[in-house]
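Peer 1: Line by line, the protein sequences give chains R and U. The numbering of the first sequence is the working numbering, which starts it at 605 and goes up by one. The numbering of the second sequence is the working numbering, which starts it at 2 and goes up by one. Backbone N, C-alpha and C fix where the C-beta goes; we use that ideal spot for every residue, glycine too. Source: prediction; values computed, not measured. Before anything else, here's the structure in question.
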Amino acid sequence: GAGVSQSPSNKVTEKGKDVELRCDPISGHTALYWYRQSLGQGLEFLIYFQGNSAPDKSGLPSDRFSAERTGGSVSTLTIQRTQQEDSAVYLCASSRSGTEYNEQFFGPGTRLTVL
Amino acid sequence: GQQVMQIPQYQHVQEGEDFTTYCNSSTTLSNIQWYKQRPGGHPVFLIQLVKSGEVKKQKRLTFQFGEAKKNSSLHITATQTTDVGTYFCAGDNYGQNFVFGPGTRLSVLP
Numbered sequence: 605g606a607g608v609s610q611s612p613s614n615k616v617t618e619k620g621k622d623v624e625l626r627c628d629p630i631s632g633h634t635a636l637y638w639y640r641q642s643l644g645q646g647l648e649f650l651i652y653f654q655g656n657s658a659p660d661k662s663g664l665p666s667d668r669f670s671a672e673r674t675g676g677s678v679s680t681l682t683i684q685r686t687q688q689e690d691s692a693v694y695l696c697a698s699s700r701s702g703t704e705y706n707e708q709f710f711g712p713g714t715r716l717t718v719l
Numbered sequence: 002g003q004q005v006m007q008i009p010q011y012q013h014v015q016e017g018e019d020f021t022t023y024c025n026s027s028t029t030l031s032n033i034q035w036y037k038q039r040p041g042g043h044p045v046f047l048i049q050l051v052k053s054g055e056v057k058k059q060k061r062l063t064f065q066f067g068e069a070k071k072n073s074s075l076h077i078t079a080t081q082t083t084d085v086g087t088y089f090c091a092g093d094n095y096g097q098n099f100v101f102g103p104g105t106r107l108s109v110l111p
């Protein structure tokens with residue numbers, strides 16, 4: 605079946621512009637995660653959605669970052685007034701919840717470059 | 002907050018040599034997951050360990066979860082060039098939000 609998809613795959617923007625990154629999780633997966641990965645670095649947790657519960661936003665680095673998940677499916681990560689330090693690969697992952705084993709399935713990521 | 006550390010940061014081995022990466026959490030974990038990320042790719046799930054002292058094997062890969070559920074290891078026997086990549090552990094401290102370690106980057110020289 606289809607995996608996690610993300611769009612766009614690459615985004616180049618100018619400093620100060622807003623960007624929207626999209627994630628389509630695997631159908632039926634109730635958990636959705638956003639991570640940020642800088643070149644050669646580990647995964648930095650940003651935000652976590654679980655069903656209809658309030659999202660865990662504890663990883664968002666500033667109030668310029670926000671995310672929504674509509675209808676328990678598609679999610680959009682928005683970065684306002686982008687800065688050069690926002691340049692990174694943004695990864696989305698989804699997992700089936702309610703089971704003991706909840707492996708995360710990652711999308712291919714969106715590579716964001718802020719000039 | 003919860004911190005997850007991994008050592009070593011980098012490991013260079015000759016093909017055929019063994020490799021081990023260690024993962025340590027500052028808090029007791031409910032479970033731990035391991036992922037592999039090939040260069041230019043995205044993380045791919047390898048395994049999840051849940052029970053104290055658990056050991057699981059996948060062909061040449063052996064995963065262990067410590068008795069105190071605060072540390073874990075991944076051992077690869079007789080490395081191959083296909084093992085190249087970064088290995089991440091991710092710890093869950095009884096929430097559903099996983100904290101990833103910084104990863105161990107493995108290079109295998111043919």
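Determine the chain R residues that contact U:N25 at a beta-carbon separation under 9 Å, and present them in chain order.
Peer 2: The premise fails here: U:N25 is roughly 14 Å from chain R at the closest Cβ pair, so nothing lies under 9 Å.
Peer 1: Quick one: which chain R residues come within Cβ less than 7 Å of U:G104?
Peer 2: Simply G646.
Peer 1: Hey, how far is the Cα of U:N72 from the Cα of U:E55?
Peer 2: 11 Å
Peer 1: Quick check on the burial criterion: 16 or more other C-beta atoms within 10 angstroms. Buried or exposed for R:K615?
Peer 2: Within 10 angstroms of the beta-carbon of R:K615 lie 16 or more other beta-carbons, which makes it buried.
Peer 1: Measure the Cβ-Cβ separation of U:T78 and U:E16 and say whether it is below 8 Å.
Peer 2: no
Peer 1: Does DSSP put R:D667 in a helix, a strand or coil?
Peer 2: coil
Peer 1: Can U:V109 and U:T63 be called in contact, C-beta distance under 8 Å?
Peer 2: Not in contact: U:V109 and U:T63 (Cβ atoms no closer than 8 Å).
Peer 1: Once the 5 residues before and after R:S666 are set aside, which same chain residues still bring their CB inside 8 Å of it?
Peer 2: Excluding residues within five positions, none has a Cβ falling inside 8 Å.
Peer 1: Check whether the stretch 685–699 of chain R touches the stretch 26–33 of chain U, counting contact only when three or more Cβ pairs, one atom from each stretch, lie closer than 8 Å.
Peer 2: no
Peer 1: Of all the options R:T617, R:P612, R:K621, which has the alpha carbon lying nearest to the alpha carbon of R:R668?
Peer 2: R:K621
Peer 1: Pick from R:G644, R:N706, R:S691, R:I651: whose alpha carbon is nearest that of R:L719?
Peer 2: Ranking R:G644, R:N706, R:S691, R:I651 by Cα distance to R:L719 puts R:S691 first.
Peer 1: Check whether chain R comes within 8 Å of U:Q12, counting only Cβ atoms and requiring the distance to be less than that.
Peer 2: No, U:Q12 does not count as interfacial toward chain R.
Peer 1: Going along chain U in order, which residues have a C-beta closer than 8 Å to the C-beta of R:L720?
Peer 2: The question about residue 720 of chain R has no answer, for chain R in this structure spans 605 to 719.
Peer 1: Tell me, please, whether the CB atom of R:G711 is closer than 8 Å to any CB atom in chain C?
Peer 2: Absent here is chain C; the protein component of the structure consists of chains R and U.
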